[in-house]
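Following: one structure in C-alpha cells, then a few remarks.
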Amino acid sequence: PKLGAAPAGPAGTGKTESSKDLAKAIGIFCVVFNCSDQIDYKMMAKHFRGLAQSGTWTCLDEFNRIDIEVLSVVAQQMQVLTEGRVMGKPNINFMGIEIVLKDHHTIITMNPGYAGRTE
Numbered sequence: 004p005k006l007g008a009a010p011a012g013p014a015g016t017g018k019t020e021s022s023k024d025l026a027k028a029i030g031i032f033c034v035v036f037n038c039s040d041q042i043d044y045k046m047m048a049k050h051f052r053g054l055a056q057s058g059t060w061t062c063l064d065e066f067n068r069i070d071i072e073v074l075s076v077v078a079q080q081m082q083v084l085t086e087g088r089v090m091g092k093p094n095i096n097f098m099g100i101e102i103v104l105k106d107h108h109t110i111i112t113m114n115p116g117y118a119g120r121t122e
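Residues 4 to 122 (this note's numbering) make up the sequence shown, in order.
In C-alpha cells form, the structure reads like this:
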C-alpha cells in the first residue's frame, strides 16, 4: 500500500490495535505515535524522516488532536512522502534534507466528535 490508511470510529473500537496487528502479521515494525496538541511540525518531520528511511510503519493515534495549524503542514509533509513513493523515487528532498525513501506506511486513527479535537 502506498496511500496509507485512516480508520475512524468511536474510542475503544480497536483501530490502533488492528493497525498494529496487521503490521505484525506481515512482519513489519509499527511505531504508535500518540498525537496531542503539543505536537509541532518539526517533531513530525523527524518522525517521518525516520520512517521513510527505515521502511517502518507508523500509526498516528488520535491524529485529530493535533492543532489545525500544525495539521496543515503535516498534511503537506505526508503529501511529499506519498508522491515520492507513488512515483517510485529512491530519494526525495524532504524539508530541505535529501533522504532515502524506503517503502513505509502511515496509518492515522481518529475519534471524531470529541471536544478539543480538530475535525
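Quick reminder that beta carbons are idealized off the backbone N, C-alpha and C, glycines included.
- Along the length of the segment 12-73, whole alpha helix (DSSP H) runs at least 4 residues long occupy 18-28, 44-57, reported in chain order.
- In the structure shown, T109 falls within a strand segment according to DSSP collapsed to helix, strand and coil.
- Membership of N114 in any beta strand (DSSP E) is not indicated, and neither H nor E is assigned to it by DSSP.
- Within the DSSP bridge table, the entry for V83 names no partner.
- Note that the C-beta distance between H108 and A55 is not below 7 Å.
- At the C-beta level, M113 and A11 come within 7 Å of one another.
- By the C-beta criterion, the segment 59-70 is judged to be in contact with the segment 37-47, since at least 3 inter-stretch pairs fall below 8 Å.
- In the three-state scheme derived from DSSP, where H, G and I count as helix and E and B as strand, A8 is classed as strand.
- The alpha-carbon of L74 is positioned some 24 Å away from that of S21.
- Sorting L25, M46, M98, N94 by C-alpha distance to the C-alpha of K105 places N94 at the top.
- Put simply, the backbone Cα of N96 is about 6 Å away from that of I102.
- If you draw a straight line from the Cα of D43 to the Cα of F51, it comes to about 13 Å.
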